[in-house]
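In what follows, a structure is listed as structure tokens, so that the remarks can point back to it.
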Amino acid sequence: MSPLPPAHLSLCAVALLSVAAGRQPSCDEPRLQAVASSAQEDAAAFLLQQEGRPLTVARLGALASSKADLKAIGQSKSVPVLMSSAVSDGMGIRGHALTQAEELEEGPATSKTVKDKSALLALELFPPAWLLGLDRFYLGSFRTGIAKVLVSLLTLSLGGFAWGLVDFSAVVLNALRKEESIHVLGMHVDFTPNTLQAAFVLAVVDLVMLPLWVVAAKYAWKVRKGHRMERLKANAMKSPHFKTAAAADNPVKGT
9 MSPLPPAHLS LCAVALLSVA AGRQPSCDEP RLQAVASSAQ EDAAAFLLQQ EGRPLTVARL
69 GALASSKADL KAIGQSKSVP VLMSSAVSDG MGIRGHALTQ AEELEEGPAT SKTVKDKSAL
129 LALELFPPAW LLGLDRFYLG SFRTGIAKVL VSLLTLSLGG FAWGLVDFSA VVLNALRKEE
189 SIHVLGMHVD FTPNTLQAAF VLAVVDLVML PLWVVAAKYA WKVRKGHRME RLKANAMKSP
249 HFKTAAAADN PVKGT
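In our numbering, the protein residues as written are 9 to 263.
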């Protein structure tokens, strides 16, 4: 890159002097304008010589008009104001962009899941929901919900029932304390405050229903066992071996 010619340097100096002077009247102003005019003419001639083009009248007219524009810009005080306004606007835009970037970064970290606590306690009221992992699915823990279902299937519902009993204890204890959030056993959610009282009542109902569910399960198992024994007895009586044994035990008396 070639260095600036002396004409360019003088032109820059005159422009800076004119901007610094502003519109204040000065006795040296005609002299400065004359120097600026000669410097502009020298700069124009230098540029045209470098391009290898002859100096024409039309080109000189264009240079004269550009000289008038430069003079008007040099005497105007609005240029520094516009530049300062542009700089301040740029800084404002940059600050606004940084604020938006910080909000976007903090948004996902502070976002929380809000659920209805009474609905969760209603699910805990039914032990079959434990085996299917419905409580975990409701809280948004889909992976642990699927794992809970698989454990129930692989262990013939025994593992799912044990896991469900642990979750049941944690949820009911949290409801009895009327806490607005739960962070235990992989469950991380917040609850709406207006559902805490209803959840407390449902927690008491869950505790009352738990032994009733145990009694109902034992009764159902006993009834099923009795029906099974009756079916086995009926099938045994239909067997030919049973008839032969009965005839041997009760022989017909001869004459």
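We treat Cβ as the ideally placed atom computed from N, Cα and C, and that holds for glycine.
Query raised in the report: What are the partner residues of H196, as DSSP defines its beta bridges?
Result: Its beta-bridge partners are H191.
For V180, write down the residues that DSSP places opposite it in a beta bridge. Note: V180 sits in no beta bridge, so no partner.
Rounded C-beta distance between W138 and F176? I'm assuming under 8 Å.
-> The C-beta distance from W138 to F176 rounds to 7 Å, short enough to meet the 8 Å contact threshold.
Next item on the list: Leaving aside the five residues before and after W221 along the sequence, list all residues of the same chain whose C-beta is less than 8 Å from its C-beta, in chain order.
Entry: Answer for W221: P135, listed in chain order.
Requested in this report: Starting from D214, trace the alpha helix (DSSP H) both ways and give me its first and last residue.
Outcome: Per DSSP, D214 belongs to the alpha helix (DSSP H) from 204-245.
- Task: Keeping to the same chain, check which residues put their C-beta closer than 8 Å to that of L173; ignore five residues upstream and five downstream.
- Result: Correct list, in chain order: W138.
Contact set for F145: own chain, Cβ-Cβ below 6 Å, skip 5 residues either direction:
Close CB contacts of F145 within its chain, under the 6 Å cut and outside five residues either way in sequence, are with G153 (chain order).
- Message: Do L129 and A178 count as a contact pair if the criterion is CB distance below 8 Å?
- Response: Inclusion of A178 and L129 in the CB contact set at 8 Å is not warranted, their separation being larger than that value.
Unbroken alpha helix (DSSP H) run spanning S160, endpoints = Per DSSP, the unbroken alpha helix (DSSP H) holding S160 starts and ends at 150-162.
| Can V159 and L215 be called in contact, C-beta distance under 8 Å? | Taking 8 Å as the Cβ cut-off, V159 and L215 do not qualify as a contacting pair.
Original post:
Where does the unbroken alpha helix (DSSP H) through D143 begin, and where does it stop?
Top reply: Its alpha helix (DSSP H) spans residues 142-147.
| said: By the DSSP assignment, the alpha helix (DSSP H) with K125 in it spans what residues? | reply: That run of the alpha helix (DSSP H) goes 125-132.
Short check: CB of L193 to CB of K125, under 8 Å? No, the pair does not count as a contact, with Cβ atoms beyond the cut-off.
| task | Please work out which residues of its chain come closer than 7 Å, Cβ to Cβ, to G168, disregarding the five sequence neighbours upstream and downstream, and give them in chain order. | result | Only W138, L139, K156, V159, S160 meet the Cβ criterion.
Among E187, H196, L240, nearest to A211 - alpha-carbon criterion:
Of the candidates E187, H196, L240, the one whose C-alpha sits nearest the C-alpha of A211 is E187.
Have a look at V197, S149, L164, A207 and flag the residue whose alpha-carbon is nearest the alpha-carbon of A127. Restricting attention to V197, S149, L164, A207, the CA atom closest to the CA of A127 is found in A207.
### Query
Measuring CA to CA, which of M195, L164, A170 is closest to K123?
Of the listed residues, the one whose Cα sits closest to K123 is M195.
Worksheet item: Excluding five sequence neighbours on each side, which residues of the same chain lie with their C-beta closer than 7 Å to the C-beta of W171?
Response: Leaving aside the five residues that flank W171 on each side, the residues in its chain whose CB is nearer than 7 Å to its CB run, in chain order, K156, V159.
Original post:
Excluding five sequence neighbours on each side, which residues of the same chain lie with their C-beta closer than 8 Å to the C-beta of V65?
Top reply: A caution first: V65 carries a pLDDT of 44, below 50, which makes its placement in the model too unreliable to give a value.
ask   = Would you report the Cα separation of L162 and G141, rounded to the nearest angstrom?
value = The alpha-carbon separation between L162 and G141 amounts to approximately 14 Å.
Could you pull out every residue in the same chain whose Cβ sits closer than 6 Å to the Cβ of R102, ignoring the five residues on either side in sequence?
Caution applies to R102, whose pLDDT of 47 falls short of 50 and renders its modelled position unreliable; the model cannot decide the point.
Given this structure, state the Cα-to-Cα distance separating K230 from L133, to the nearest angstrom.
Here the alpha carbons of L133 and K230 stand approximately 23 Å from one another.
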